Structure formats: C-alpha cells, structure tokens
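Presented below is the structure to which this report refers.
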Amino acid sequence: MLLPSRALSLASKEALLFIKLMIQFDIDRISKLYKDLMEIICSRNYDLAILETTYLSHLGHMLSLKGLPSMLRIHNVEAEYIASLSYKSLREFVFRSMQRIERKVLEMINNRVTISMRDKEIISKLYKLETVYLGPTVKGSKKDCSRKDQNNIESLGLECGRYALYVGSSHEPNIIAVNNILQTIKKDNIKITLVIVGEVGRYIRKK
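Rendered as structure tokens:
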C-alpha cells in the first residue's frame, strides 16, 4: 500500500508542491529569505498586499499579523486542478488530500478573490468560504494605429482595430477558454478575426 506522500508523487509534481504548504508555514517563518522579505514589506507604507497565488497564503497570513491587509487572487480550485493532472486511479484520493490542505490554506486569508464564477461557487460549496468575483480584464481600444503599427499589423494580414488578440500558454484552462471563444464566435456569427498568440494555439481544435 502506498504512503500518501508516495501516492501524491505518482500523481503529479503539482501535488507535491501543493502538499508542501502543510509545512511551508513553519519553514518560512525561520528562513532568512522569508525574514528579509517580511522586513522589507513591513518597513514600507503599503496599503495592501495582493497575492497572485494560493501558494503564498502563509505569507499573507504573516503580513496580516503585522497589520498589513492581504488579498488573495484565486486562479484555480487547486484540489480539483491537481486531481485532474493525476492518474485516473488516484484522482479521488488526490482530490480529497488536496481538499484538506486547500481549506487550511484559504482560511489563512480573509480577503479572497476569484477570477471565475465557477471557482467562486465551488469554493463556497467545498469550503463554506466567501469570495468576491472579479473577472478577467478585457481591454478594448478605439485609438487609431500609428503608421508603423498599421504597417506591422497589415503585414500579418490584419486590419487595425478589427481583430481580437488572445495571449496564453498551453495550460489546459487556456485551451478550453479559446475553444469556447471560437464556438461563440461561430454560433453568433461574429465578424471578427481572433489572433491567438502563444503555445495555446497549437492545441486548438480544427474547425
């Protein structure tokens, strides 16, 4: 029978990294790097610390004890995401293991933000924790292109101001998102050119 840590090592490297959070809090409290970082942050007059990953929740907790409020932007339900990367036979075990860790980690921060309504609903259901939904920023511009920009854009077969740009890695949620965007464009007969930049473009379903 596999020990939990061994089973998680078979699951994925993400599982091992996340399980480190169980001991990260105590380790970082005594590490020189952590102490130096705390000293720098606390010596300046910041209003808020924004944490861009769940893996820094312990840092936000320590900052709050020093009087600096912290906000955590949650990019995934980590228990669900890490389990999805695991062998099928281990997914239920990994999900339950990560769920216990994620609950403790999220409880360290009082101000939590999700970037999707789905994550907000799942976190509420799994952990009974409230979050605020702040969706991704979509930037539009009616600004005229400079002659140089226009030449560069036209060299790609595009028309200035008449295309949408999506930049993303081959991370699975990005692949799903782009495919959903393409389906919406086709379904609603939207007249726009979608330019995909990054590795994600290699994994898009051919239409």
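Numbering (the numbering used here), first residue to last: 42 to 248.
Beta carbons are placed, not taken as given, at the ideal position from N, Cα and C, and that holds for glycine.
Computed from a predicted structure; not experimentally measured.
With respect to the 7 angstroms criterion, G209 and V241 are classified as neighbours on the basis of their beta carbons. As for any beta strand (DSSP E) of minimum length 3 sitting wholly inside the region 102-171, the runs are 111-115 and 152-155, ordered along the chain. I237 sits in a strand when the DSSP states are folded into three classes.
One alpha carbon belongs to K166, the other to K129, and they sit about 23 angstroms apart. Taking L78 as reference, the option from R203, L100 and E93 with the minimal CA-CA separation is L100. Per the coordinates, the alpha-carbon of A205 lies some 24 angstroms from the alpha-carbon of T155. I231: not part of any beta strand (DSSP E); DSSP gives it neither H nor E.
One thing to note: A90 has its Cβ within 7 angstroms of the Cβ of S111. Counting of Cβ neighbours within 10 angstroms places D160 among the buried residues, the total reaching 16 or more.
Between R188 and C201, the alpha-carbon positions lie close to 10 angstroms from each other. Close CB contacts of K107 within its chain, under the 6 angstroms cut and outside five residues either way in sequence, are with C83 (chain order). Listed as beta-bridge partners of A90 by DSSP are S111. Secondary structure note for Y96: it is in no beta strand (DSSP E), with a DSSP letter that is neither H nor E.
Ranking Q224, V173, F136 and I142 by CA distance to the CA of N152 puts V173 first.
Contact annotation, I150 with S98: C-beta distance approximately 5 angstroms; criterion of less than 8 angstroms satisfied.
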